[in-house]
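Residue numbers (the working numbering), protein chains in the order written: chain X, 5 to 771; chain P, 1092 to 1241.
Given below as structure tokens:
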């Protein structure tokens, strides 16, 4: 409940009228009498200043009395039972009051408990009608109910209600006024005296009915101001002795009206006004607003009837509103479920969502769409450029709520969008995953719309006598056309719902994928273990007979050596060489297969030291050659597996020596942070700010056609007996080690001039 | 270099006839006499070491000074044989050297963990095998002092 009493003493203007405590005006309209009374003995605590003319008692007289003193026992009983029950069900009461002359006067009364827990009784003069005539009530409503049943859509319902309510109350104008999401309202049905200007289709800004007034409409379903030029009646005394405050009149039917509202109605040239609240899901949906050009009082019975009509209409709203554009809704729903169905069985959401361009767009009646999946941007229909979309996404990410953002006036919230307003004034962004950059985006173009306001909706400033600027409600309600630009057609709630549903299906796909990946991983783990077992078996079971062959050949040579001729001895020697070679191949294969499965033992490696160790070992073995080794740069300290990293350098440097027939073999081992002039290949690794190592030689080089195959296992470019032989697994193993470190290796070579191997030992994301 | 005339008993647990033949050929070429006992699989080896059936007589089933153990054996495999030897009080001090083709580091660690006294890869070629065995036997029978077994 609103209780901003601190501004109560200030004059109320439009700028602060959202804060005006209109529920505690401390005054009532003069067409009735109000009592505030005590719960225990019904002692009268406050009365309105007009009791003398209505009841014959002066206010001061009444403040000494209890309600029991002025009502007949039967009426006392009615009030008591009303207090014991749900007020709504039993009001109004017919009450008999004894005036000072001891004459009985009949009143209609309403009793209620106010939000501040005070008890309030309001009395009004009866009219000729009898309030409890059920038969007449039934007659009046029966026809209306039958007619409502025959209407299927919302517009028809509103039109009918305007007509029916006007029949009951005979006002000059009855309108059905519907609130939009932004709080503004539009007259969607009207029944009026034929000579009046129509307000149908006019729109009124949010500020015309401030927030707390809307809240009071929600609580209090009927509001009558019989004469807008009334003189209000103050409450005596001004503060209730029980609470020491002005009573809360939220539920009072006589509650006095805000001066701003009165001024507003005066500007409209209205004499009397009545509003019936229309609620949907307990939220204020709209009003049946009734205007009469001259003052007009409505008896209880008509008001009760109108309130009843309002309730009936409230009940019917959801029903009829759901039927609005029913065909469109059904079409959209079918489309959405088809779409969801089609992607549910897909493996990849980008693929599934992007497969049917038409369907993706018609899902929300968009003219353009984009799927963003990490670096990939797929565009459909009319969209801004990839670059513009990426910037838009960066802007929208912090605004996402429940993974969703939408607007129908993008340029207003995101000024760069003015550039592409013809493509994207309407925007929906749905984020698929939090961790990655996965979005689907829809666009709608600008549609220039005309809005008919009931008068210029911007607040008016006027200067008062003291020269203060004061806001006041506008004077004119003439049709005032506004051209609305930089807006698309609004996204409908069912379209947004469809998107939410679509997202959850996509998330389903992704989760399903994750499950599948987990199970593939498990299989992979299993097959890796099998491979391990296989490699082991190969090591033992293949090598054993191989060793046997080798040994038996040597037995033959030893035992039958005098019976064999030179040719026989040569053949046996070849047999032994071949078995030795086969053993080397098996060992290399084993080593390679193990490389991919053993854990890396990453430590800080001083590459200077590491290379020097390697060189020491190699130099011992190659002491008979002239080798010139240069290390121009100081090498860094990096993270890596010592044994495996050494193996890289051993292999590359040995190759550089082995495949070299220059009299002076020159080898350069170095470090690069960017591409040097002499490098031929512009590899992306040069841009990643990670160390690139190289081993460069002046050796025999590699013909270009062989460059692709050198990393293939057991691939040799030369005859077995040339360049010292070898299994042809060295470079394959080097490549594997580099890849295990997350790095890359590549080669460039000029035939007969030399070869350079480049490699990194970390990926772009680690250093 | 004590009592060269008395042959040194060695138990070889080896399933491959060819490997055994190569082994015997090398052993015979060495300048020392050995009495070699061979078991072709793990179960036979355990029966031999823990006399229950076939080798009841001490002359047939003498206590070896060294066991050479192949790992991959039919039936009860070498790892299990090693574990059993080490779990029995009578033999837990017996020198056992694993003599195998497997250079899987897991096997190496496992065997040392179980109390193997050495782990040697079967080399390829007669001369390499001669080198290996010659060195091995010199290590165990010339330089090492062996435990006293009950």
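The beta-carbon is built from N, C-alpha and C at its ideal position, and this holds for glycine as well.
Checklist line | Same chain, Cβ closer than 8 Å to residue 630 of chain X, neighbours up to 5 away in sequence not counted | finding: Setting aside the 5 residues that flank it on each side, residue 630 of chain X is surrounded in the same chain by 667, 668 and 669, each with a C-beta closer than 8 Å to its C-beta; the list follows chain order.
Checklist line | Expected contact under 8 Å - CB spacing of residue 751 of chain X and residue 652 of chain X to nearest Å | finding: Between residue 652 of chain X and residue 751 of chain X the Cβ distance is about 13 Å, and since that is not below 8 Å, they are no contact.
Next item on the list: Look at the alpha carbon of residue 135 of chain X and the alpha carbon of residue 47 of chain X, and state the distance between them as a whole number of angstroms.
Entry: With a pLDDT of only 49 at residue 135 of chain X, under 50, the local geometry of the prediction cannot be trusted, and no value is derived from it.
Checklist line | Delimiting residues of the beta strand (DSSP E) encompassing residue 128 of chain X | finding: Counting along the chain, the beta strand (DSSP E) containing residue 128 of chain X begins and ends at 123-128.
Check: First and last residue of the beta strand (DSSP E) that includes residue 578 of chain X?
Finding: Element bounds for residue 578 of chain X: not the beta strand (DSSP E) but the alpha helix (DSSP H), 570-599.
Check: Looking at chain X, which residues of the region 1196-1216 of chain P have a Cβ within less than 7 Å of any of its Cβ atoms?
Finding: Those would be 1213, 1215 and 1216, in chain order.
Next item on the list: Return the CA-CA distance between residue 460 of chain X and residue 203 of chain X, expressed in angstroms with no decimal places.
Entry: Straight-line Cα distance between these residues: approximately 14 Å.
Item checked: Nearest residue (CA-CA) to residue 272 of chain X, options X:583, X:201 and X:35 -> Closest by alpha carbon: X:201.
Next item on the list: Have a look at residue 1215 of chain P and residue 589 of chain X and give me their C-alpha separation to the nearest angstrom.
Entry: If I take the Cα positions, the gap works out to 14 Å.
Check: What residue ranges within the region 656-727 of chain X form continuous beta strand (DSSP E) runs of no fewer than 3 residues, ordered along the chain?
Finding: Given a length threshold of 3 residues, each whole run of the beta strand (DSSP E) inside the region 656-727 of chain X is given here in chain order: 669-676 and 696-701.
Margin query: So, does the region 1175-1191 of chain P touch the region 1203-1212 of chain P, judging by three or more C-beta pairs under 8 Å?
Written below: In short, these stretches touch, since the Cβ pair count reaches three.
Margin query: Taking contact to mean 3 or more Cβ pairs, one atom from each stretch, closer than 8 Å, check whether the region 1229-1237 of chain P and the region 566-576 of chain X are in contact.
Written below: No, because fewer than three Cβ pairs between the region 1229-1237 of chain P and the region 566-576 of chain X fall closer than 8 Å, the two stretches do not touch.
Next item on the list: Could you pull the start and end residues of the beta strand (DSSP E) that residue 50 of chain X belongs to?
Entry: Counting along the chain, the beta strand (DSSP E) containing residue 50 of chain X begins and ends at 48-52.
Margin query: Buried or exposed, going by whether 16 or more other CB atoms sit within 10 Å of the CB of residue 429 of chain X?
Written below: Buried, because 16 or more other Cβ atoms sit within 10 Å of the Cβ of residue 429 of chain X.
Margin query: For residue 487 of chain X and residue 456 of chain X, I'd like the C-alpha separation in whole angstroms.
Written below: For residue 487 of chain X and residue 456 of chain X, the distance between alpha carbons rounds to 9 Å.
Note to self: At a CB distance below 8 Å, what residues from the region 557-589 of chain X approach chain A? Give them in sequence order.
What the structure shows: Judged by its chain identifiers, the structure shown contains no chain A, and its protein chains are X and P.
Item checked: Burial state of residue 401 of chain X, where buried means 16 or more other Cβ atoms lie within 10 Å -> The residue in question, residue 401 of chain X, is exposed, as its Cβ has fewer than 16 Cβ neighbours within 10 Å.
Checklist line | Cβ-based burial, residue 557 of chain X [other Cβ within 10 Å; buried from 16] | finding: Residue 557 of chain X sits buried, since 16 or more C-beta atoms from the chains shown fall within 10 Å of its C-beta.
Checklist line | Nearest-angstrom beta carbon gap, residue 1218 of chain P and residue 1153 of chain P [assumed within contact, 8 Å] | finding: Contact doesn't hold; Cβ gap of about 31 Å is too wide.
Check: If you measure from the beta carbon of residue 550 of chain X to each beta carbon in chain P, is any gap under 9 Å?
Finding: True, the Cβ-Cβ gap to chain P drops below 9 Å.
Check: Do the region 290-297 of chain X and the region 115-122 of chain X meet, that is, are 3 or more Cβ pairs less than 8 Å apart?
Finding: The region 290-297 of chain X vs the region 115-122 of chain X: no contact.
Note to self: Only counting the same chain, and skipping five residues up and downstream in sequence, which positions put a Cβ closer than 6 Å to that of residue 764 of chain X?
What the structure shows: The residues are 689, 694, 696, 747 and 748.
Next item on the list: Please say whether residue 317 of chain X and residue 288 of chain X have beta carbons closer to each other than 9 Å?
Entry: No, they are not a contact pair.
Note to self: In the DSSP assignment, the beta strand (DSSP E) including residue 763 of chain X goes from what residue to what residue?
What the structure shows: Per DSSP, the unbroken beta strand (DSSP E) holding residue 763 of chain X starts and ends at 758-763.
Notebook entry, point to check: Residue ranges of each beta strand (DSSP E) run of no fewer than 3 residues wholly in the region 1100-1181 of chain P, ordered along the chain?
Noted result: Assignment of beta strand (DSSP E) within the region 1100-1181 of chain P, counting only whole runs of 3 or more residues, yields 1125-1130 and 1157-1160 in chain order.
Note to self: If I follow the unbroken alpha helix (DSSP H) through residue 390 of chain X, where does it start and stop?
What the structure shows: Where residue 390 of chain X is concerned, the enclosing alpha helix (DSSP H) stretches over 390-400.
Next item on the list: Give a yes or no on whether 9 Å exceeds the smallest Cβ distance from residue 547 of chain X to chain P.
Entry: For residue 547 of chain X, the answer is yes, since a Cβ of chain P falls inside 9 Å of its Cβ.
Checklist line | Helix, strand or coil at residue 1229 of chain P [DSSP, three-state] | finding: Helix, per DSSP.
Next item on the list: Identify whether residue 458 of chain X lies in helix, strand or coil by the three-state DSSP scheme.
Entry: Strand, per DSSP.
Margin query: For residue 112 of chain X, tell me which candidate among X:128, X:105 and X:104 has the shortest Cα-Cα distance.
Written below: It is X:128 whose Cα lies nearest to the Cα of residue 112 of chain X.
Checklist line | Endpoints, beta strand (DSSP E) assigned at residue 609 of chain X | finding: Its beta strand (DSSP E) spans residues 606-610.
Next item on the list: Would you identify the three-state DSSP class for residue 112 of chain X, choosing helix, strand or coil?
Entry: Note: residue 112 of chain X maps to strand in three-state DSSP.
Next item on the list: Return the chain-ordered list of same chain residues with a C-beta closer than 8 Å to the C-beta of residue 615 of chain X, the five sequence neighbours on each side being excluded.
Entry: The beta carbon of residue 615 of chain X sits closer than 8 Å to those of 635, 639, 653 and 673, all from its chain and outside the five residues before and after it, given in chain order.
Check: Using a beta-carbon distance below 9 Å, is residue 555 of chain X in contact with chain P?
Finding: At least one CB atom of chain P sits nearer than 9 Å to the CB of residue 555 of chain X.
Next item on the list: My understanding is that residue 97 of chain X touches residue 75 of chain X, with C-beta atoms under 8 Å, so please give their C-beta distance in whole angstroms.
Entry: Not confirmed; about 10 Å, so no contact.
Margin query: On the criterion of 16 or more Cβ atoms from any shown chain inside 10 Å, does residue 442 of chain X qualify as buried, or is it exposed?
Written below: Within 10 angstroms of the beta-carbon of residue 442 of chain X lie 16 or more other beta-carbons, which makes it buried.
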